[in-house]
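Going line by line, the protein sequences match chains A and B.
Mapping to my numbering: the first sequence position 48 is 48, numbers consecutive.
In my numbering, each residue's number is its place in the second sequence (first place is 1) plus 1000.
Before any comments, here is the structure.
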Amino acid sequence: MIAAGCDIGSLTAKAVIIRDGSIVSKKIIRVKETALKSAETVMSMVTSEAGLKMEDIDSCCTTGYGRYDIPFSDMNKSQISCHGLGAFWLDRSIRTIIDIGGQDCKAVAVGENGMVKDFIMNEKCAAGTGRSLEILAKTIGIELEELGPVSLKSKKEVELANKCSIFMELDVIQHLYNKTKIRDIANAINTAVARRVVQLSKAVRLENDICITGGVSKNIGVVNKLEEMLKIKFKQLPEDPQLMGAMGAAVFAAKIN
Amino acid sequence: MEILKELETIAKQNVNTTLESARSNGKKIMGYFCSYVPEEVIHAAGFIPYRMRAVESPGTSLGDTYFAPSICSFVRHCFSKALNGDFDFLDGVIFMNGCDHNRRMHDNWRYAKIKPEFLYMLPVPHVVSDASTQKYMNEIKKLARAMETEFDVTITARALEDAIILYNKKRDLLTRIYENRKKKEVPIKGSEFLSIMLAITALPIDIAIEKLELVLKGLEGRVVSSDDDLRLFMAAVCTEEIEHMELIENSGGIVVADKICLGRSHFHTLVELKDDPIRAIAKRYLTHLSCPRMMDDMRRRMAYMHDEIKEYNVDAIIVEKLEFCTLMAGETFLYKNEAGKIDFPILSLDRELFGGGTGQIKTRVQAFFEQVRNIKEMSQN
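Pasting the structure below:
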């Protein structure tokens, strides 16, 4: 059985192929102009890496904001269920998942079968998402990938008073005018984003077996702040946590949970 | 069903051809906000009652020049339409003290000096008691006098009694259509029911009754649900986007029961005509399925939710709050609390009327349905 999971998000598209219960290939790309183009591109790359053709795929499940109307998709599932199942499939002890993606963040509780028991998702607000981190990193003139490592060098706590990402940017600009060090602003940005996620996470009963997924899981600054504020330690997943949506979709497609 | 398509077309219009032709034949049209404004009185004065709506709004930008962004989107849409001249076809508008946002719309409407000229604020009591019924009767009489003076008409007891009979007939037909949703194989979707409600509140009552009779007949043998659909109870206030309801139902559910302004709240409880028609009207409007604006009636509203869950075999609740709606903020808390007591699945959506954000709403609704199905499967196993 060859199953594929394809997660077309707002910033990146991800794909995973599972063959007889084992991962054979995986890929993350920056999104293209349309959801279909993103899906086709990432699937073409992932099948090629596995030495397969699209027609070799027995079942494909799509997820993410671009999950609809993909011609080669056999089913679609919400990214909430997919992140939950993906993480659970890799580590059966996982019961809570904090997923911070490009345009939303969620806290998901899963049951003993890896399926969603409860969840909370941010409302129509960019604060606490990958997109706001990207904008704020740009404002202070560093790459998104640098935001975590740079923030770890911070020696002085500075505050971003506003909760809204637009006004947060104004706070950041004010700090730049005041010649606050970039590393300290980077730390303040990560703290502000983490704070938003913590507020959201409180709506779901967090259990000890908790992991973080989504693109922002790669920002060590946000991850450290979350661990500190939530007083927990995230479990390390054996695969790239950004792939969990696609991973869960592939598991849904393979029906092997 | 042809009649449902026709009603959907009307529902998506600000003004329909029937209203236009009635107006060109000299009939007057009176706009009103909220289920606490008695349609019978408007009808008895010789007007066609028209429920105010945000449908076909040009956006909130005009309204935003008068209101802070923390005013609910229904009010900002409606006032934008008023400023845009979309309600110029009305001969008057009756407001009521449903919420402070709506009251401010009345203030701004007068301040802006825009059409129509006749703007009336009907103060409706917030509690149910003998004293408040008497107060409400007096306010209805004042409203009647204001219309009589302004438009040189007479509202007779006979006209009120005739209106009660007609509007009770409408309520009875709507109740029978609504109760069809108890069936295992549901003959009408929530989005279709919302279309009916929007349409019949913008049509003359005799035509509305004709249309409802056709709908009721058309439901015989009709099935629109599938076995996999989750049966939903929906609680909200000013929800009027058919597309939004379709989005929910297309995600694998069917709305079988509701507590929304343009839903059960509009036709719940008949007017019991025993003696004085004004007293009968006041009693019905004050004691019908209450809106969150009513104080000391939370238990009855929550009991209604529990009853609907049982009678309509509901699988899950969706409760919606328009951003900055203070009434629904409290009510959402109550619904969540009440659902929590029986461990019943509930999803709350916080959104703006015609506000977009469908991607997030779709994800939230789909994930909720996946969660409910998982819980159901787990309990069956």
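Backbone N, C-alpha and C fix where the C-beta goes; we use that ideal spot for every residue, glycine too.
None of the values given here were measured: they were computed from a predicted structure.
- Within the region 1323-1354 of chain B, those residues whose Cβ lies closer than 7 Å to any Cβ of chain A are, in chain order, Asp-1350.
- For the region 52-71 of chain A, the beta-carbon criterion of a distance under 7 Å to any beta-carbon of chain B is satisfied by Tyr-65.
- With a 10 Å radius around the Cβ and a threshold of 16 neighbouring Cβ atoms, Leu-152 of chain A comes out exposed.
- Fewer than three pairs of CB atoms, one per stretch, sit closer than 8 Å, so the region 1087-1094 of chain B makes no contact with the region 1057-1075 of chain B.
- Counted as a single uninterrupted DSSP element, the alpha helix (DSSP H) harbouring Phe-1333 of chain B occupies residues 1326-1341.
- Interface flag for Met-115 of chain A against chain B is set, since a Cβ pair is found closer than 8 Å.
- By the neighbour-count definition (other C-beta atoms within 10 Å, threshold 16), Phe-1333 of chain B is an exposed residue.
- Secondary structure note for Pro-1049 of chain B: it is in no alpha helix (DSSP H), and the uninterrupted beta strand (DSSP E) holding it is 1047-1051.
- Looking at the DSSP output, Arg-1351 of chain B bridges to B:Leu-1322.
- Burial is judged here by how many other beta carbons sit within 10 angstroms of a residue's own beta carbon; Asp-1315 of chain B has at least 16 and is buried.
- By the criterion of a C-beta distance shorter than 6 Å, Met-1197 of chain B is surrounded in its chain by Leu-1262, once the five residues flanking it on both sides are discounted.
- DSSP, reduced to helix, strand and coil, places Asp-69 of chain A outside both helices and strands of the structure shown, so it counts as coil.
- Not flagged as an interface residue toward chain A: Arg-1145 of chain B, since no C-beta distance is shorter than 8 Å.
- Contact of Glu-1370 of chain B with chain A by beta-carbon distance below 8 Å involves Lys-77, Ser-78, Ile-80, Ser-81, Met-115 and Val-116.
- Burial check for Val-1237 of chain B: the Cβ neighbour count within 10 Å reaches 16 or more, so the residue is buried.
- In the pairwise beta carbon analysis, the region 1034-1049 of chain B is classified as touching the region 1267-1287 of chain B: at least three pairs are separated by under 8 Å.
- Take Ile-1375 of chain B, set aside five residues on each side of it, and the residues of its chain with a beta-carbon closer than 8 Å to its own are Pro-1345, in chain order.
- Residue nearest to Lys-1183 of chain B within the set B:Val-1256, B:Asn-1097 and B:Asn-1250 is B:Val-1256 (criterion: CA-CA distance).
- Between Arg-1364 of chain B and chain A, the shortest Cβ-Cβ separation is below 8 Å.
- The residues Ile-140, Val-158, Val-172, His-175 and Leu-176, in chain order, have a CB closer than 8 Å to that of Ile-185 of chain A in the same chain once the five nearest residues on each side in sequence are set aside.
- In this structure, Val-1215 of chain B places its C-beta atom within 8 Å of the C-beta atom of Ile-1177 of chain B.
- Under the rule that a run must span 3 or more residues, the beta strand (DSSP E) segments found entirely inside the region 1084-1168 of chain B read 1092-1096 and 1118-1122.
- Glu-1331 of chain B and Arg-1351 of chain B do not touch by the CB rule: their CB atoms are close to 15 Å apart, not below 8 Å.
- Rounded to whole angstroms, the separation of the alpha carbons of Gly-102 of chain A and Gly-215 of chain A is 7 Å.
- Residues of chain B whose Cβ lies closer than 9 Å to the Cβ of Met-121 of chain A are, in chain order, Gln-1360, Thr-1363, Arg-1364 and Ala-1367.
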